[in-house]
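Chains as they are written, first to last, in this note's numbering: chain W, 167 to 353; chain S, 167 to 353. Encoded as structure tokens, the structure appears first; notes follow it.
Protein chains: 2
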Amino acid sequence: MNTREDVVIAAGRLFAERGYHGTSMRDLGNELGLLGSSLYSHVEGKQALLVEVVSRGARFFQDAADAALARGGSPPDRLRALIAGHIGVVLDHRSEVRTYLNEAAALDDERRAAVIAARDRYEASFRTVLEEGCADGAFRSDVDVVIISIFILSILNAVERWYRLSGRIDRDDLVDATYGFVLDGIT
Amino acid sequence: MNTREDVVIAAGRLFAERGYHGTSMRDLGNELGLLGSSLYSHVEGKQALLVEVVSRGARFFQDAADAALARGGSPPDRLRALIAGHIGVVLDHRSEVRTYLNEAAALDDERRAAVIAARDRYEASFRTVLEEGCADGAFRSDVDVVIISIFILSILNAVERWYRLSGRIDRDDLVDATYGFVLDGIT
DNA sequence: CCTACCGATCGGTAGG
DNA sequence: CCTACCGATCGGTAGG
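Below, the structure is given as structure tokens:
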């Protein structure tokens with residue numbers, strides 16, 4: 167009745183809501199209408215599920231960044247595309263994103279290191295665009311691109327924590343507000 | 167040998183590092199050189215420890231905001247004081263802050279609601295200063311103060327995730343960089 | 001996917 | 001703060 171993919175998706179949902187250590191295999195089975203022990207015909211174990219959910223989160227982000235940069239354009243255009251892409255991933259793949267951002271500590275050392283490397287690769291997309299914008303005069307050249315990219319990603323990653331689709335602000339408004347704030351601040 | 171306070175502090179450290187559900191009472195006892203069962207002569211239970219650690223986190227932030235605003239000054243001055251205060255709390259009380267920001271989901275409904283209310287009260291300090299700055303012309307008046315305060319707090323709360331004291335940037339540099347970014351963005 | 005388990009570990013208690 | 005436990009739950013397996 168359930169496919170391996172169903173199990174991974176349900177696991178992402180529970181890991182996102184209750185955390186990896188707060189989710190038992192029986193909880194997960196219950197979510198799918200079967201016993202905890204029955205999950206082992208679909209997956210190797212609980213840790214393998216976390217690895218798969220986290221890997222999907224990482225891939226969604228990197229794919230979005232690659233797509234955003236592939237269209238080219240000026241540094242501001244590409245920065246806006248990166249921002250829009252990131253927000254799109256957060257809103258469309260919330261469970262995987264939450265698990266990717268918040269449950270990496272539950273991975274073993276090797277897998278956790280891979281996540282950190284993936285995040286740095288992704289962040290480098292932002293740093294590169296910022297550097298090019300500083301070089302061509304679109305952005306202030308006195309900014310520290312490492313710190314600024316952290317600030318921008320802090321805003322983007324936090325969207326998962328507060329944004330509700332039911333609210334008064336829609337996806338495009340959020341992209342506009344974020345891009346506007348990053349460019350000009352509050353003055 | 168150990169006081170109740172020792173237990174609460176060690177609990178904050180472990181909850182911050184491994185999460186509430188990833189920390190057992192035996193882990194905590196081990197951290198203090200005693201058995202898990204011995205903790206119950208100091209505290210009522212595991213959930214009570216979480217409540218206390220989270221409450222401390224909330225209090226540190228609210229106290230810092232009250233102190234920052236008590237000195238008065240222009241809206242930009244007060245915004246800078248709020249930012250400096252928040253960063254100070256994150257760096258000085260990292261364990262409590264991490265637990266407060268990341269483990270609230272492990273609280274029961276009533277306590278979790280209290281945390282959400284405390285966060286909103288704190289956020290309101292930022293909103294008020296922003297509104298006053300918009301009214302007196304120090305800040306752009308076309309900004310949405312609700313969204314902007316979320317952006318600012320996103321940057322501030324994320325400091326816990328990436329900042330290392332050993333790095334090249336010290337506390338004052340971080341406050342300057344954050345305040346500068348919030349005011350002017352990257353252009 | 002279920003039945004029937006396994007040893008390990010969980011939060012917590014009684015009594016000293 | 002320890003000894004000696006308690007029932008419940010954990011991730012996981014054998015066999016069908």
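From the three backbone atoms N, C-alpha and C, an ideal C-beta is built for every residue, glycine too.
Note the first and the last residue of the continuous alpha helix (DSSP H) segment covering Leu-267 of chain S.
Looking at the DSSP string, the run of the alpha helix (DSSP H) that includes Leu-267 of chain S is 260 to 268.
Of all the options S:Leu-267, S:Thr-353, S:Asp-274, which has the alpha carbon lying nearest to the alpha carbon of Asp-286 of chain S?
S:Leu-267
Cutting at 6 Å between CB atoms, please list the residues of its own chain near His-208 of chain S, excluding the five before and the five after it.
Arg-170, Val-173
Please say whether Ala-250 of chain S and Gly-234 of chain S have beta carbons closer to each other than 9 Å?
Residue identity differs from the one stated: residue 234 of chain S is Ala in this sequence, not Gly. Yes, these two residues count as a Cβ contact at 9 Å.
Between the segment 270 to 287 of chain W and the segment 325 to 340 of chain W, do at least 3 Cβ pairs fall closer than 8 Å?
no
If I'm right that Gly-185 of chain W touches Glu-269 of chain W with Cβ under 8 Å, what's the distance once you round it to whole angstroms?
Confirmed, about 6 Å.
State the CB to CB distance for the pair Ala-176 of chain W and Leu-201 of chain W, rounded to an integer number of angstroms; the pair is presumed to be in contact (CB under 8 Å).
No, Ala-176 of chain W and Leu-201 of chain W are not in contact; Cβ-Cβ is about 14 Å, not under 8 Å.
The alpha helix (DSSP H) spanning Gly-195 of chain W covers which residue range?
From DSSP, the alpha helix (DSSP H) with Gly-195 of chain W extends over 191 to 198.
Taking the alpha helix (DSSP H) that Ile-318 of chain W belongs to, which residues open and close that run?
311 to 328
Determine contact between the segment 239 to 250 of chain S and the segment 287 to 299 of chain S, defined as no fewer than three beta-carbon pairs at a distance below 8 Å.
yes
Check this for me: beta carbons of Arg-337 of chain W and Leu-257 of chain W, under 9 Å apart or not?
Yes. Within cutoff.
Looking at Ala-324 of chain S and Asn-323 of chain W, is the spacing between their C-beta atoms short of 9 Å?
Closer than 9 Å, so yes.
Run the CB neighbour count on Arg-237 of chain S, radius 10 Å, all protein chains shown included, and call it buried at 16 or more, exposed below.
exposed
Can you pull the chain S neighbours of Val-348 of chain W, defined as C-beta to C-beta under 7 Å?
Gly-351, Ile-352
Suppose you measure from the CA of Asp-310 of chain W to the CA of Ala-283 of chain W; what does that come to, to the nearest Å?
21 Å
Quick one: grab the DSSP three-state call for Thr-344 of chain S.
helix
Candidates S:Leu-340, S:Ile-352, S:Gly-346, S:Asp-350: which alpha carbon is nearest His-252 of chain S's?
For the options S:Leu-340, S:Ile-352, S:Gly-346, S:Asp-350, the alpha carbon positioned closest to that of His-252 of chain S is the one of S:Leu-340.
Taking His-252 of chain S as the query, report the chain W residues whose CB atoms sit under 9 Å from its CB, ordered along the chain.
Within chain W, no residue comes near His-252 of chain S; the closest Cβ sits about 13 Å away, beyond 9 Å.
Measuring alpha carbon to alpha carbon, tell me which of W:Ser-240, W:Gly-199, W:Arg-264 ends up nearest Phe-226 of chain W.
W:Arg-264
Please list, in chain order, the chain W residues whose beta carbon lies closer than 9 Å to that of Ala-324 of chain S.
Ile-316, Phe-317, Leu-319, Ser-320, Ile-321, Asn-323, Ala-324
Among S:Val-348, S:Gly-303, S:Pro-241, which one has its Cα closest to the Cα of Ile-314 of chain S?
S:Val-348
What residues of chain S sit near Asp-310 of chain W, judged by a beta carbon separation below 7 Å?
Ala-343
Quick one: which residues of the segment 269 to 287 of chain S get their C-beta closer than 9 Å to a C-beta of chain W? List them in chain order.
Glu-269, Ala-271, Ala-272
Arg-306 of chain W touches chain S at which residues, Cβ-Cβ below 7 Å?
Ile-352, Thr-353
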